[in-house]
Amino acid sequence: SLFLALFLTSCSNINPTNDAKNELSPETMGDGLFVWNVRCYDKAGNNLFNTTNFTIDIDASPPGSFNLDRPGNNTLTFNRTPTLNWTVPSEEHFDNYTILFDTDPSFSSPDFEYSAIGNISNNTFIIQASDQLNDNTLYYWKVIAYDNLSQSTESDDYFVYTTDSRRPRINLTSPSNNTVKNLTNSITFSFNVSDEHNISSCSLIVDGSVDTTDSTITVNATNTIKAVLSNAAYFWNINCTDGAGNINAS
């Protein structure tokens, strides 16, 4: 008879072969660490356990579900060496996290693959400069958790991470250079700004100092910022910052 856990009979073989290898097949068992032994009886009723107990650790389940945390989904940034973080799955036999970056959401041929090993709580990974992401690229990224039996679970979803180092391009339209205004001190400054993504804000710079900042900028269109200036000669220009944090001045 095969005994498991608290040595409750799990299964028996009533026709064993003497001096030969015999097999016992217990019913399906769940995950866990089990102690097992075999007790044999002869025709006279004498019985004996094996001299030592054996253990078996069953793990038929992959790591539990988990989610990506940061950088948040749809991040747009100039940073090519981000710090990645995700929640911790449940898994007693953890082996590693594999982090994938791909320009295709199918992840059929990842552009970058990183590995985080050690403890399951090692759920933060910093991409080093030697392995940094490519510039001006939209990536999809996800994490796969593996146990030491090669069972795996992917993060519940992938996130989008876009690198962008291209600065906004600004064109001043009016007032034209060396304009003289003699009717009003309220001046409307017009300009056009273009960018591959969105513009966070643009500022009117008068004689080297910020006069007014506007956060409602339309890309590839004429934008205006008004300012009231006293009588004098001024130098003016426009500074713009895009959604990735890139800054440029006219």
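Note that the numbering used here gives residue 115 to position 115 of the sequence shown, counting from 1, and the numbers run on in steps of one. Note that CB positions come from ideal geometry on N, CA and C, so glycine has one too. Values in this document were obtained by computation on a predicted structure and should not be read as measured data.
Of the listed residues the options, nearest to residue i (C-alpha basis)
i       : options                               : result
Asn-177 : Arg-39, Leu-100, Pro-110 and Trp-236  : Trp-236
Arg-166 : Asn-136, Asn-185 and Ile-56           : Asn-136
Ala-232 : Ser-194, Phe-49 and Lys-181           : Lys-181
Glu-196 : Pro-89, Ser-65, Thr-218 and Ser-121   : Thr-218
Ser-260 : Ile-170, Ser-230 and Ser-186          : The structure shown has nothing for residue 260, since the chain only spans 1 to 250.
Asn-73  : Asn-198, Ile-120 and Asp-157          : Asp-157
Thr-129 : Asn-122, Tyr-114, Asn-119 and Ser-121 : The question names Thr, yet the displayed sequence has Ala at residue 129. Answer by Cα proximity: Tyr-114.
Asp-42  : Asn-13, Thr-184, Ser-90 and Ile-127   : Asn-13
Ala-221 : Leu-172, Ala-244, Gly-245 and Thr-184 : Leu-172
Rounded C-alpha distance that separates residue i from residue j
i       : j       : result
Phe-54  : Asn-37  : 6 Å
Ile-247 : Pro-82  : 20 Å
Gly-208 : Ser-174 : 18 Å
Leu-76  : Thr-162 : 5 Å
Asp-147 : Ser-201 : 47 Å
Ser-109 : Phe-34  : 41 Å
Asn-198 : Gly-64  : 38 Å
Gln-151 : Thr-17  : 37 Å
Lys-21  : Gly-30  : 26 Å
Val-206 : Tyr-234 : 7 Å
Asn-15  : Arg-39  : 14 Å
Asn-47  : Gly-118 : 46 Å
Cys-240 : Leu-229 : 21 Å
Pro-26  : Cys-11  : 5 Å
Residue span of the beta strand (DSSP E) that contains residue i, given as start and end
i       : result
Arg-80  : Unbroken run through Arg-80: none, as it is neither H nor E.
Leu-204 : 199–206
Tyr-146 : 137–147
Inter-residue CB distance, residue i and residue j (contact presumed, cutoff 8 Å)
i       : j       : result
Leu-68  : Ser-155 : 5 Å
Pro-62  : Thr-153 : 5 Å
Trp-86  : Phe-112 : Not confirmed; about 16 Å, so no contact.
Thr-216 : Ser-203 : Rounded, the Cβ-Cβ distance is 13 Å, inconsistent with contact.
Leu-149 : Arg-80  : That belief does not hold up - the Cβ atoms of Leu-149 and Arg-80 are roughly 35 Å apart, past 8 Å.
Val-88  : Ile-120 : 6 Å
For this session: Could you tell me whether the region 221–235 touches the region 173–192, where touching means 3 or more Cβ pairs closer than 8 Å?
Result: yes
Exercise. Between the region 138–149 and the region 84–104, do at least 3 Cβ pairs fall closer than 8 Å?
Worked result: yes
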